[in-house]
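Here the numbering used here runs 1394 ahead of the position in the sequence shown, where the first position is 1.
Here a beta-carbon is modelled for each residue, glycine too, at the ideal position from N, C-alpha and C.
These notes are about the structure you will find just below.
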Amino acid sequence: MERKDLQEEFEELMSLFLFGGTESEEEKRLNEIISIHPEFKKDTITM
1395 MERKDLQEEF EELMSLFLFG GTESEEEKRL NEIISIHPEF KKDTITM
């Protein structure tokens, strides 16, 4: 999967997570993406 696609998926999942709308599978996927690209999490924190 391209980095851009992963970043878009990360942003969608993070939005759900922040508003309490994630399920365990979505949280698992979010953690997988963060483990592959930890800079996504850092970019989100600085926004």
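Over the uninterrupted alpha helix (DSSP H) stretch that includes Phe1413, give me the two end residues. Element bounds for Phe1413: n/a, residue is neither H nor E.
Within 10 angstroms of the Cβ of Leu1412, are there 16 or more other Cβ atoms? Answer buried if so, exposed if not. exposed
Between the C-alpha atoms of Phe1434 and Phe1404, what's the straight-line distance to the nearest angstrom? 8 Å
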